[in-house]
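> To start, I am sharing the structure in question, which I have written as structure tokens.
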Amino acid sequence: MKRPTLITLTLTVPLMLAGGLTAAFAHESSQRTPESWRVEQRLLISDTDTGDIIVLDDGVVRERLSTPPSPISLARSEDGHVAFAIRGRNTDVDHVTMIDTAFDENTGIAVRPYVARTWATMSAGGVHDGHLPEVQGKIGLSMEATGQLQLLNPSAISGLGSAEAGTIKLGQPGHYTFVKVSVDGAELLHVGSTAGNTAVIDTASGRTLASDGRCPGLHGGAATTTGDAVLFACSTGILVAPADPNDGASQLIAYPTADRDGSVYAGATDSAGRDVLWATNGGKTSLDRVVSDAGKVSITAVPLGSRWAPRNELATSLAASTGRLYVLTYQGYLQVRDATTGALLRERKVMSSLRLSEEETTSEATNPDLAVASDRIYVSVPSTGRVLSVSLDGRRILRIARVGGQPTRLVLLEHS
């Protein structure tokens, strides 16, 4: 009767010892391997299929960050340290996901990016051309349901504390466009809403210095390279406002054709030293060349195609450093144009054509996008799950990244 007890003790003691040793070894320190890479270009890609933000390092998928489904906007901070993914307007909650990009554009050192925090809000916006407004060192999110600009402290986004940094009253609720300028050392924010109202706000005090109500359907804006004027695209023409409201009144310049503009791109200067801006709208058959010269503004239309080879604008990007204007058309062509004259230098087929009726809504992003780097231009192709790298002259496809899903919005971070 005692043999089973002896056997039990014989088996139990080694197991107890082994269990104790295993627990002890579990607390031994392990070798830590540094997780950092040297990267020239880190591309953030919004995947509408999953809501993921795909991180592409020099053409190779590094990470997939999960964010809520149906993304509509993707933006980066001016220093590239933070990115924002904003959900579309197809549910009752508009999530804003804030991402630590973990990339230093000055050194090219990259580590693993991560989601820093997600804010459940309502009608957040303010993204234009991959950027949010930044005032007094703070990043602004437009609260379109309340007509306020919510300011965030970028250095606090990746921490445990509050990132809230105050608000600026914009006006009535609506979709806003923001253009920041500097006048005699003062930072001024020109804001405009789709309701047709514009205002100039002193960002230090939040005080409105001037206002105008002559820009119905306002969408899109930019400042001249010299910073002396701000242009907004209205349903009836281009509103040209002096950067300093004390320098005179705004003027509305009629469009050269019956079609309005909804986006404005700046950064080019012609041989005569005049500022050249470009304005257009999705589906339009032309670009509007806007020339600003000593307070005088003129607009001329530059056709994208011809009767035999029609072209309709889908996405546009201006590269000031190379003097090139890139236009992606509904017909699937990427056009390379001179940024000062608009002359077509080359076009090549990069994707299948899209129907003009396939217009993007505020539910989610569905359109292709462009991101211009120092040595290539990235093109997202949602229908094939690919992101193309095309040479700046448009002659060659340098690389095809098969990321899967439905890649739409692009934000580029680049080692300078």
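All letters in the sequence shown, in the order written, are residues 62 to 477 by the working numbering. Every residue, glycine too, gets a C-beta built ideally from N, C-alpha and C.
1) Following the continuous beta strand (DSSP E) through G298, name the residue where it begins and the one where it ends.
2) Per DSSP, which residues does D263 bridge with? Please list them.
3) Out of L389, T422, T238 and A284, state which residue places its alpha-carbon closest to the alpha-carbon of G356.
4) How big is the Cα-Cα spacing for L213 and K199?
5) In three-state DSSP terms, what is D190?
6) Assign Q467 to one of two classes, buried (16 or more other C-beta atoms within 10 Å of its C-beta) or exposed (fewer than that).
7) Out of curiosity, what's the CA-to-CA distance linking D478 and V388?
8) Helix, strand or coil: how does DSSP classify D113 here?
9) Pop quiz: E248 and Q197 are said to be a contact at Cβ under 8 Å. What is the actual Cβ separation, rounded to whole angstroms?
10) Does the pairing of the region 431 to 441 with the region 128 to 146 give three or more beta-carbon distances under 8 Å?
11) Buried or exposed: where does N258 fall if 16 or more other Cβ atoms within 10 Å of its Cβ makes it buried?
12) Considering Cα atoms alone, identify which of T330, R470 and D263 is closest to S243.
13) Between S452, D436 and V448, which has its C-alpha nearest E409's C-alpha?
14) Are the CB atoms of A310 and D289 within a distance shorter than 8 Å?
15) Could you pull out every residue in the same chain whose Cβ sits closer than 6 Å to the Cβ of I218, ignoring the five residues on either side in sequence?
16) Between L279 and P306, is the Cβ-Cβ spacing less than 8 Å?
17) Could you tell me which of I458, N151, G186 and E195 sits nearest to S138, measuring between CA atoms?
18) Among A370, V464, T383 and L348, whose alpha-carbon lies nearest the alpha-carbon of A376?
19) On the criterion of 16 or more Cβ atoms from any shown chain inside 10 Å, does E425 qualify as buried, or is it exposed?
20) Taking 8 Å as the threshold (C-beta atoms), are Y391 and G29 in contact?
21) At which residues does the beta strand (DSSP E) containing A434 begin and terminate?
22) Is it the case that the region 359 to 367 contacts the region 377 to 384, given that we only count it when at least three CB pairs across the two stretches are under 8 Å?
23) Can you grab the Cα-Cα spacing for the pair Y316 / L300, in whole Å?
24) In the DSSP assignment, find the beta strand (DSSP E) that holds K357 and state where it starts and stops.
25) Taking just the CA atoms, how far does S254 sit from H236?
26) So what does DSSP say about A538, is it helix, strand or coil?
Per the coordinate set shown:
1) G298 to P303
2) L249 and R268
3) A284
4) 6 Å
5) coil
6) buried
7) There is no way to answer for residue 478, as the model of the chain reaches only from 62 to 477.
8) coil
9) 7 Å
10) no
11) buried
12) D263
13) Checking the sequence shown, residue 409 turns out to be Arg, not Glu. The shortest C-alpha separation from R409 is found at S452.
14) no
15) V143, M159, A177 and A224
16) no
17) E195
18) L348
19) buried
20) No answer is possible for residue 29: the residues shown for the chain start at 62 and end at 477.
21) Segment: none, A434 is in no beta strand (DSSP E) and carries neither H nor E.
22) no
23) 10 Å
24) K357 to P364
25) 5 Å
26) The chain is shown only over 62 to 477; residue 538 falls outside these bounds and no answer can be derived.
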